[in-house]
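Heads up: the sequence shown is residues 23 to 249, going by this note's numbering.
All C-beta atoms in this analysis are idealised placements derived from N, C-alpha and C, irrespective of residue type, glycine included.
Accompanying notes for the structure given below.
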Amino acid sequence: MPEQRAPLTGNTSISHAANPLEGLAVVIDAALPQTQCTRCGYPDCAAYARAIATDEAAINQCPPGGDEGIARLSRITGKPVLPLNPENGFEGPLTLAVIDEDWCIGCTLCIKACPTDAIIGANKRMHTVIAEHCTGCELCIPVCPVDCIGLENLSGTATGWSAWSDQQAEHARERYVRHVARPSRLPTVTTPEQPRASLPPSTQAQPVDPKKAMIAAALERARARRG
């Protein structure tokens with residue numbers, strides 16, 4: 023099961039799109055693993071880097087970077103090394119999200135949650151994770167309504183930066199920058215206006231969200247299959 027996320031405390035705007043990094047924040051951002059997991063309490067790695075540069079955040083809030091990541095940030099900022107803050111999570115191995123094809127209902131929620139566009143699929147079609155683009159951020163797991171996404175350990179006993187590389191981090195950063203710069207791939211579902219009927223308020227038809235209706239129907243089918 024994924025770790026519980028620390029609440030977002032930083033600016034929730036998209037950092038790369040709205041406010042490019044400058045100065046010390048650029049160097050700090052380059053020292054982060056770029057998983058975009060939000061466990062630091064900020065919406066992305068760039069926002070956390072900016073918060074460190076402006077003394078709004080400590081250097082020990084990045085679980086994917088682990089102890090080596092904290093040491094890197096200490097060398098850059100001159101701040102003392104601190105143990106990883108357990109409120110932000112714990113250091114772990116590099117992981118890959120894996121979707122159980124038998125239970126995926128094609129709801130597209132994981133596609134929307136992925137910060138590096140590592141998941142492909144379509145409405146009511148099974149989704150797949152592209153391994154080379156997945157950062158193991160775990161953001162797809164809590165949004166899945168049928169719990170069909172798990173994590174595969176890719177690095178064994180290696181954790182933090184020992185399980186990650188600068189090349190992987192740069193690839194993830196590039197994927198994220200493209201992700202926030204492009205419009206959504208998924209069409210917006212609009213609910214048609216319901217005709218007004220001359221019925222008492224308690225019996226008038228209520229607008230139905232097609233997306234919710236589709237997910238509910240898929241859940242019923244999944245439950246029936248499990249039964």
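What separation, rounded to the nearest whole angstrom, lies between the Cα atoms of residue i and residue j?
{"i": "VAL49", "j": "SER177", "result": "26 Å"}
{"i": "ASP89", "j": "GLU113", "result": "8 Å"}
{"i": "GLY63", "j": "TYR70", "result": "8 Å"}
{"i": "ALA52", "j": "CYS159", "result": "18 Å"}
{"i": "ALA140", "j": "GLU44", "result": "28 Å"}
{"i": "GLN190", "j": "HIS155", "result": "9 Å"}
{"i": "GLY128", "j": "LYS146", "result": "4 Å"}
{"i": "ALA68", "j": "ALA153", "result": "23 Å"}
{"i": "LEU118", "j": "ALA180", "result": "14 Å"}
{"i": "GLY100", "j": "GLU123", "result": "48 Å"}
In the structure shown, what three-state DSSP assignment does residue i receive?
{"i": "ALA87", "result": "Looking at the sequence provided, one finds Gly at residue 87 rather than Ala. If DSSP states are grouped into helix, strand and coil, GLY87 belongs with coil."}
{"i": "GLY172", "result": "strand"}
{"i": "GLU160", "result": "coil"}
{"i": "LEU46", "result": "helix"}
{"i": "VAL165", "result": "coil"}
{"i": "ALA73", "result": "helix"}
{"i": "GLN56", "result": "coil"}
{"i": "CYS62", "result": "coil"}
{"i": "ALA68", "result": "helix"}
Report yes if the C-beta distance between residue i and residue j is below 8 Å; otherwise report no.
{"i": "VAL165", "j": "TRP125", "result": "no"}
{"i": "ALA194", "j": "LEU161", "result": "no"}
{"i": "PRO55", "j": "GLY111", "result": "no"}
Q. Curious, which full-length beta strand (DSSP E) runs of at least 3 residues does the stretch 89-152 contain?
A. The qualifying runs are 117-121.
Q: Would you check if the stretch 92-112 and the stretch 65-82 touch, i.e. whether three or more CB-CB distances between them fall below 8 Å?
A: The stretch 65-82 vs the stretch 92-112: in contact.
Q.
Contact between the stretch 192-200 and the stretch 164-180 is defined here as three or more beta-carbon pairs at a separation below 8 Å; is this criterion met?
A. The stretch 192-200 makes no contact with the stretch 164-180, as fewer than three CB pairs between them are under 8 Å.
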